[in-house]
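Under the numbering used here, read the sequence shown as residues 2 to 145, first letter to last. Glycine included, C-beta positions come from ideal geometry on N, C-alpha and C. The structure displayed is predicted, hence computed values, not measured ones.
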Amino acid sequence: RAGGGRGSWAPPTGGAAAAGGKSVGLGIELPHEQGINEWVNLGMSFRYFFVRKTMFVKYSSGVIICPGGFGTLDEMFELLTLVQTHKVEPTPVVLFDTSYWQGLFDWITGTLEPRGMISPLDPELVTLTDDPEQAGAGPTRTIR
2 RAGGGRGSWA
12 PPTGGAAAAG
22 GKSVGLGIEL
32 PHEQGINEWV
42 NLGMSFRYFF
52 VRKTMFVKYS
62 SGVIICPGGF
72 GTLDEMFELL
82 TLVQTHKVEP
92 TPVVLFDTSY
102 WQGLFDWITG
112 TLEPRGMISP
122 LDPELVTLTD
132 DPEQAGAGPT
142 RTIR
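Written as C-alpha cells, this is what we have:
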C-alpha cells in the first residue's frame with residue numbers, strides 16, 4: 002500500500018487488518034493531512050514526494066490505483082514511466098473503477114498512441130476493472 006491516511010486509504014488498510022494481513026502506509030507531510038490511520042502495521046511519513054514515490058515504487062510488486070487527484074495521477078504516471086522504460090521490474094498496474102478511469106484511458110489510447118507518443122504496447126501495462134477479485138489478482142500474481 003502507498004497511502005496510509007484516512008479517507009480513501011482507510012478501507013484497504015482496515016480490510017487488510019480484518020483479513021489478518023499486513024499493511025504498510027507511506028504518508029506525506031502536508032498541512033491538511035490527518036496522519037497515518039489506525040490499521041496500518043508499519044507507517045512511515047515522508048517530507049518530500051520524490052522520496053515517498055521512490056519507496057512506493059521500489060517495494061511494490063503490484064499496484065491497484067483507486068480514483069484520486071493530481072497526487073494519484075502523478076504516482077501512477079511515474080510508475081508507468083518507470084515500467085515502460087524498464088527502470089523497474091515489470092509491475093502489474095490495475096486501475097479500479099472503470100467509470101472513473103475510462104475517459105483518461107480513452108485519451109491515452111485515442112490521442113497519445115496514434116500520435117506516436119507511446120508504444121501500442123504501453124496501454125497493455127494497465128488493467129481497468131470494477132471487479133475486486135480481478136483487481137487483486139493482478140498485483141498478487143508476482144508475489145512469491
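For my contact list, residue i and residue j are in at a C-beta cut-off of 8 angstroms; report their separation, rounded to the angstrom.
i    : j    : result
L129 : W102 : 6 angstroms
F50  : I29  : 6 angstroms
T92  : G72  : Actually they are not in contact, since the Cβ atoms of T92 and G72 sit about 19 angstroms apart, beyond 8 angstroms.
T112 : P124 : Actually they are not in contact, since the Cβ atoms of T112 and P124 sit about 12 angstroms apart, beyond 8 angstroms.
Between the C-alpha atoms of residue i and residue j, what's the straight-line distance to the nearest angstrom?
i    : j    : result
E39  : A19  : 12 angstroms
D98  : P68  : 7 angstroms
F47  : H33  : 14 angstroms
I37  : L31  : 12 angstroms
G139 : W108 : 23 angstroms
L74  : V89  : 18 angstroms
G137 : F106 : 20 angstroms
Do residue i and residue j have their C-beta atoms within less than 8 angstroms of each other?
i   : j    : result
V95 : I65  : yes
G44 : G26  : yes
S24 : N42  : yes
V84 : L122 : no
So, is residue i buried or exposed, given that buried needs 16 or more other C-beta atoms within 10 angstroms?
i    : result
R53  : buried
E76  : buried
G160 : Because the chain spans 2 through 145 in this model, residue 160 falls outside it and cannot be assessed.
G16  : exposed
Pick out whichever of the options has its Cα sitting closest to the Cα of residue i.
i    : options                : result
D132 : S100, G70, F78 and T82 : S100
T82  : G104, T55 and G70      : T55
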